[in-house]
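For the first sequence, position 294 (counting from the first letter as 1) is numbered 318 according to our numbering, and the numbering increases by one without interruption.
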Amino acid sequence: MDERYDPKKIEPAWQAEWDRINLYLTREDPGRPKFYILEMFPYPSGAGLSVGHLHNYVPCDVVGRYKRMAGFNVLHAMGWDAFGLPAENEAILKGSHPDETVPRYAANFKRQLTISGCAYDWSREINSSSPEYYKWTQWFFLMLYKRGLAYRATGAQWWCDKCRTILANEQVVNGCCWRHPDTPVGKKDLEQWYLKITDYADRLLADLDGIDWPEPIKLMQRNWIGRSEGAELGFPVRGHERKEVRFFTTRPDTVFGVSFMVIAPEHPLVAEITAPAARASVEAYVADARRQSEIERMSAAKEKTGVFTGAHAHNVFTGVDIPIWIADYVLMGYGTGAIMAAPGEDQRDFEFATKYGLEIPRVTAPPGGGAPPPDRAYAEHGVAINSGFLNGMPTAEAIAAVSKYAEQKKIGRATTIYRMRDWLISRQRYWGCPIPIVYCKTDGIVPVPEDQLPVMLPPMKDYLPSGTGRSPLAGVPEFVNTTCPKCGGPAERETDTLDGFACSSWYFLRFASPHEAERPFDRRAVDYWLPVDLYVGGAEHAVMHLLYARMWTKVMCDAELISFDEPFPVLRNQGVVWAADGQRMSKSKGNVVTPDAMIEKYGADALRLWELYMSPFDEATNWTESGIAGTLRFITRVWAMIRRYVEAGCPDGKPGPETLKRAHKTIEVVTDHIERLRFNTALAKLMDHLNYLAKLTPAEMGRFTAESMVVLLAPMAPYVTEEMWRALGHKNSVHLEPWPKFDPNLTRDETVTVVVQVNGKVRDRLQVRVGAPEAEVRELALKSEAVIRHLAGKPPQKIIYIANKMLSIVV
RNA sequence: GCCGAGGUGGCGGAAUGGCAGACGCAGAGGACUCAAAAUCCUCCGUGGGCAACCACGUGCGGGUUCAAGUCCCGCCCUCGGCACCA
25 MDERYDPKKI
35 EPAWQAEWDR
45 INLYLTREDP
55 GRPKFYILEM
65 FPYPSGAGLS
75 VGHLHNYVPC
85 DVVGRYKRMA
95 GFNVLHAMGW
105 DAFGLPAENE
115 AILKGSHPDE
125 TVPRYAANFK
135 RQLTISGCAY
145 DWSREINSSS
155 PEYYKWTQWF
165 FLMLYKRGLA
175 YRATGAQWWC
185 DKCRTILANE
195 QVVNGCCWRH
205 PDTPVGKKDL
215 EQWYLKITDY
225 ADRLLADLDG
235 IDWPEPIKLM
245 QRNWIGRSEG
255 AELGFPVRGH
265 ERKEVRFFTT
275 RPDTVFGVSF
285 MVIAPEHPLV
295 AEITAPAARA
305 SVEAYVADAR
315 RQSEIERMSA
325 AKEKTGVFTG
335 AHAHNVFTGV
345 DIPIWIADYV
355 LMGYGTGAIM
365 AAPGEDQRDF
375 EFATKYGLEI
385 PRVTAPPGGG
395 APPPDRAYAE
405 HGVAINSGFL
415 NGMPTAEAIA
425 AVSKYAEQKK
435 IGRATTIYRM
445 RDWLISRQRY
455 WGCPIPIVYC
465 KTDGIVPVPE
475 DQLPVMLPPM
485 KDYLPSGTGR
495 SPLAGVPEFV
505 NTTCPKCGGP
515 AERETDTLDG
525 FACSSWYFLR
535 FASPHEAERP
545 FDRRAVDYWL
555 PVDLYVGGAE
565 HAVMHLLYAR
575 MWTKVMCDAE
585 LISFDEPFPV
595 LRNQGVVWAA
605 DGQRMSKSKG
615 NVVTPDAMIE
625 KYGADALRLW
635 ELYMSPFDEA
645 TNWTESGIAG
655 TLRFITRVWA
665 MIRRYVEAGC
675 PDGKPGPETL
685 KRAHKTIEVV
695 TDHIERLRFN
705 TALAKLMDHL
715 NYLAKLTPAE
725 MGRFTAESMV
735 VLLAPMAPYV
745 TEEMWRALGH
755 KNSVHLEPWP
765 KFDPNLTRDE
775 TVTVVVQVNG
785 KVRDRLQVRV
795 GAPEAEVREL
805 ALKSEAVIRH
815 LAGKPPQKII
825 YIANKMLSIV
835 V
């Protein structure tokens with residue numbers, strides 16, 4: 025152990041040694057409890073890792089190392105989410121090819137993680153764009169297909185001009201592409217592959233109750249799934265026998281107040297029922313609605329617009345014929361694309377009715393009696409009025425009564441609908457997993473047989489998106505032209521690739537058996553390691569990735585491939601690290617701080633400690649470099665302390681009771697705080713402990729105290745602790761050391777400070793035995809000079825005693 | 001607009017309803033040094049006071065309580081998410 029702490033000297037040396045002895049190689053071991061910790065696998069970008077990324081990876085590394093020392097068999101591996109738009113777009117921008125950039129960028133990420141001291145089992149490294157991996161992504165797609173969960177459909181799809189591909193609903197954010205927030209999306213008619221995630225809506229919703237996730241994330245998933253209970257009903261269209269307008273409502277109890285109907289501009293009935301006199305205005309309105317981009321349609325939402333079709337529907341409850349209107353506030357993609365309008369009970373319908381002079385009946389009264397407010401809709405629950413057989417019923421009862429009536433009369437039924445729609449997974453881009461489907465004139469849609477997987481992504485020099493809506497793969501005849509696996513006749517391959525989220529919907533299984541060649545995973549390894557014990561990632565994946573991965577897991581569970589149906593029973597979000605200027609760290613803004621630069625200046629251990637100490641793990645913060653000076657100073661002081669101890673010949677003297685108590689208390693607190701992911705306070709405790717230890721002589725400290733400090737610090741600062749540990753005379757790595765245990769008998773306090781308050785203000789502090797009875801404390805308190813002064817001769821009215829904490833005197 | 005998270009010294013942040021500001025950064029003063037760096041020691045919420053000590057203080061206004069940063073009601077501000085969902 026040198027006199028001076030020099031990270032540049034010790035860090036590469038220990039890194040090489042750990043590599044040599046394969047310190048982090050992981051094997052299944054039924055004899056030990058397992059712990060699978062996983063960070064959301066990153067897309068390896070050319071910008072490399074920033075200190076912001078490490079705010080996620082370092083804490084997870086601490087947990088992994090701590091769990092290993094605490095006796096768990098820990099799986100902690102890393103891989104690359106390498107297929108998809110970001111990789112392709114970046115390669116285009118650099119004038120290169122993802123084939124070349126992806127491995128290069130991934131190698132750089134790996135290098136950065138390694139010098140940062142993160143302990144991964146690199147023998148398990150995976151890459152979603154490698155054929156060994158995407159073979160199984162294709163296999164899963166076919167499994168979904170065979171289970172009836174993948175289907176083709178044509179329709180107007182979201183299209184991003186910059187991505188030059190279609191998007192799933194979730195990928196449209198505020199009317200713009202989620203990757204290009206300044207690019208409004210449009211619609212394009214295409215035939216696409218969908219996954220029936222809606223079949224799993226109920227389970228995806230219900231099972232949220234059983235998992236330990238941050239509440240805001242659960243809430244976002246609940247809102248996204250958007251379950252609504254109500255009824256689906258139909259009213260016949262006058263003059264078009266057998267035609268009816270079917271609609272969904274959450275308030276079937278208001279049917280007697282339905283004075284008109286509204287259907288979406290895209291509704292198929294529009295063309296059929298529009299009266300000749302209204303044709304011109306309807307066509308103009310529909311054309312206008314189609315022309316508007318979706319953001320315009322949504323943001324111009326303030327003023328409702330609509331047009332009368334000239335047709336009427338028959339309200340079977342009131343017996344009255346009511347006008348059918350078209351308005352763009354009714355969305356084709358939700359419910360049936362048609363609504364019954366109860367303007368007395370729905371504010372949007374109220375506004376629409378007011379604007380176009382339509383009738384506003386009142387069918388719900390406030391529960392306490394009295395009239396509904398005249399200037400707006402009464403949307404709350406109440407009591408049915410002017411509603412025939414429903415009169416007098418509370419809303420809940422009336423809802424049930426209408427549903428029952430509708431079922432008896434065969435005009436509708438109680439039902440549940442969801443906001444969530446199916447997952448559109450086709451992409452017209454090159455850099456993705458080819459969809460393993462063949463189209464044959466004779467046999468139609470034919471899945472590629474398992475023994476012919478993977479369908480290899482053909483090498484292409486010019487892989488740029490076409491912009492026509494067709495995948496670049498369509499321009500490779502050797503790829504497109506094939507034979508039908510069924511009849512052997514000429515056939516064509518599907519040329520679209522899978523959405524990148526398909527790759528990340530199962531990767532957590534692959535880490536269990538990353539080199540399995542015969543199957544997507546080895547069942548035994550998956551049964552041992554999965555589900556993930558702690559999953560960590562950014563809140564930006566709250567909906568898409570987490571919902572898709574949950575769905576695939578449920579499908580696999582249903583197919584009996586695995587025996588659990590939630591992949592991530594415990595999820596935590598790390599806080600975002602913004603740049604010093606409060607903006608996102610990005611190369612274009614020139615505010616990226618790299619771990620490389622920080623390691624060069626301060627060493628990896630000081631950087632790691634600062635990542636942990638800077639702010640609570642799950643809270644956002646702005647990057648500041650100045651604090652690293654503090655964590656480096658701390659390391660230097662620990663170094664000096666241990667060196668003093670080693671130079672003194674590692675005396676195993678008798679530490680005093682105070683020292684022993686502090687050492688054990690530190691073990692207790694640090695352990696507890698790491699378990700609760702409160703790394704900043706765990707490290708604060710170690711700093712506090714050092715402030716005490718630094719004042720002791722080596723003999724006063726003793727071996728247990730000195731060594732426990734090093735071991736407790738080992739998960740956070742792996743390099744320097746290894747160096748100190750060897751200097752303390754140990755042959756084996758400190759990272760193989762068992763986690764220290766504290767003795768509860770030694771952490772127990774003998775005396776305690778009891779605060780004495782007079783009228784709620786602290787006036788004195790008493791040092792008393794633990795568990796001292798009230799009478800004793802009271803007597804001491806009443807003798808206190810400060811207390812006497814503040815009592816000012818008045819007799820206490822009331823005395824409250826909280827054992828070992830405080831005595832509160834009221835006068 | 002609706003939903004969610006948050007607001008504590010110059011700064012990052014501590015605090016099962018029970019001593020507000022742990023720990024650290026920055027700053028000030030001192031020791032060591034020819035000097036500087038490093039290191040060590042002391043101080044460091046605001047106001048008053050030589051001091052002991054006193055008053056005030058966790059976005060704002062109320063409330064509950066012997067006791068509120070913490071619980072309740074009403075606001076303000078910041079940041080995220082959703083946005084005509086029938």
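Every residue gets a Cβ at the ideal spot worked out from N, C-alpha and C, and that includes glycine.
Cα separation between residue i and residue j?
i	j	result
D642	G76	13 Å
Y158	S152	6 Å
S808	L831	12 Å
Y144	A130	14 Å
F525	Y572	7 Å
V835	Y825	15 Å
H121	T492	21 Å
P68	R246	31 Å
A225	K242	14 Å
L47	S757	9 Å
P482	G513	22 Å
I350	V286	5 Å
H336	D185	41 Å
S427	I384	23 Å
I319	D206	Note that I319 scores 49 on pLDDT, short of 50, meaning its location in the model is unreliable; the coordinates nonetheless yield the value given after this. Looking at the two C-alpha atoms, the distance is approximately 11 Å.
D236	C84	17 Å
L533	R51	15 Å
A604	D352	44 Å
I309	V294	Looking at the sequence provided, one finds Tyr at residue 309 rather than Ile. For Y309 and V294, the distance between alpha carbons rounds to 11 Å.
D43	Q136	15 Å
Tell me, please, which residues DSSP counts as bridged to residue i.
i	result
R793	T775
S450	L522
R251	Y442
A337	V261 and I346
K613	K613 is not bridged to any residue.
Y175	Y218
I150	G103
N505	E516
Helix, strand or coil: how does DSSP classify residue i here?
i	result
A603	coil
W183	strand
Y358	coil
I459	coil
H100	coil
I45	coil
L191	strand
A324	In this prediction, A324 has a pLDDT of 46, which is less than 50 and means its spatial position is unreliable; nothing more can be read from the coordinates.
R787	strand
A230	helix
I319	Model confidence at I319 stands at a pLDDT of 49, short of 50, so the residue's coordinates are unreliable; what they give is reported in the following sentence. I319 falls in the helix class under three-state DSSP.
Q371	helix
M285	strand
P471	strand
List the whole-angstrom C-beta distance separating residue i from residue j, where the pair is believed to meet the contact cut-off of C-beta under 8 Å.
i	j	result
S283	A365	7 Å
A741	L633	6 Å
F341	V279	4 Å
R574	L228	6 Å
A515	C464	4 Å
S451	T618	In the sequence under discussion, the amino acid at residue 451 is Arg, which differs from the Ser named in the question. R451 to T618, Cβ: 32 Å. No contact.
Does at least one heavy atom of the ligand GTP sit under 8 Å from the Cβ of residue i?
i	result
L554	The ligand GTP is absent from the structure shown, which contains no ligand whatsoever.
Can you find at least 3 beta carbon pairs, one from the segment 37–56 and one from the segment 87–100, that sit closer than 8 Å?
-> Yes: the two stretches touch, three or more of their Cβ pairs being nearer than 8 Å.
Does the segment 792–807 come close enough to the segment 748–766 that 3 or more CB-CB pairs lie under 8 Å?
-> Touching, no.
Cβ contact (3+ pairs, closer than 8 Å) linking the segment 497–508 and the segment 542–554 | Contact fails: fewer than three Cβ-Cβ distances are below 8 Å.
Cβ contact check for the segment 710–717 and the segment 728–739: 3 or more pairs under 8 Å | The segment 710–717 vs the segment 728–739: in contact.
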